[in-house]
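Numbering (my numbering), first residue to last: 2 to 133. The C-beta atom is built at its ideal place from N, Cα and C for all residues, glycine as well.
Here you go:
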């Protein structure tokens, strides 16, 4: 798990107009989570790879301290392959301790394993209290 401030994400992953658009959507989603009381989120997927044109971003967020009344309901809308999240934010975010598969693996653990090989892999951790 790599702790990264927002400025580092911009420099490292915002090197194309498409990636900057995805980062803007991610920032909007993270801001919405922060307003609801979320303190920490994680980013995974092709977005944190060298892929020139990732389709979206994937991630999860810690529910501790989150007030559901203040949470954007889109962040809890998982129907139709998370279409509402993708339309609003450009990617998809899950609750970190929710089950990601039939075995009950929490998303935070699921995202730290390569789905093809099962080998461990890294994710980016973001402290939402430090967002600009």
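Residue span of the beta strand (DSSP E) that contains residue i, given as start and end
{"i": "residue 59", "result": "59 to 62"}
{"i": "residue 45", "result": "41 to 45"}
{"i": "residue 110", "result": "Where residue 110 is concerned, there is no enclosing beta strand (DSSP E), although the alpha helix (DSSP H) it sits in stretches over 108 to 111."}
Beta-bridge pairing of residue i - partner residues as DSSP gives them
{"i": "residue 93", "result": "59"}
{"i": "residue 124", "result": "Answer is none; residue 124 lacks a bridge partner."}
{"i": "residue 114", "result": "121"}
Per-residue DSSP class, three states only, for residue i
{"i": "residue 99", "result": "coil"}
{"i": "residue 9", "result": "helix"}
{"i": "residue 131", "result": "helix"}
{"i": "residue 52", "result": "coil"}
Distance between beta carbons of residue j and residue i, contact taken as under 8 Å
{"i": "residue 42", "j": "residue 127", "result": "5 Å"}
{"i": "residue 92", "j": "residue 23", "result": "6 Å"}
8 Å Cβ cutoff met for residue i and residue j
{"i": "residue 111", "j": "residue 102", "result": "yes"}
{"i": "residue 67", "j": "residue 89", "result": "no"}
{"i": "residue 5", "j": "residue 125", "result": "yes"}
{"i": "residue 83", "j": "residue 63", "result": "no"}
{"i": "residue 60", "j": "residue 94", "result": "yes"}
Delimiting residues of the alpha helix (DSSP H) encompassing residue i
{"i": "residue 34", "result": "18 to 36"}
CB contact below 8 Å: residue i versus chain E
{"i": "residue 80", "result": "Of the protein chains in this structure there is only one, and it is not chain E."}
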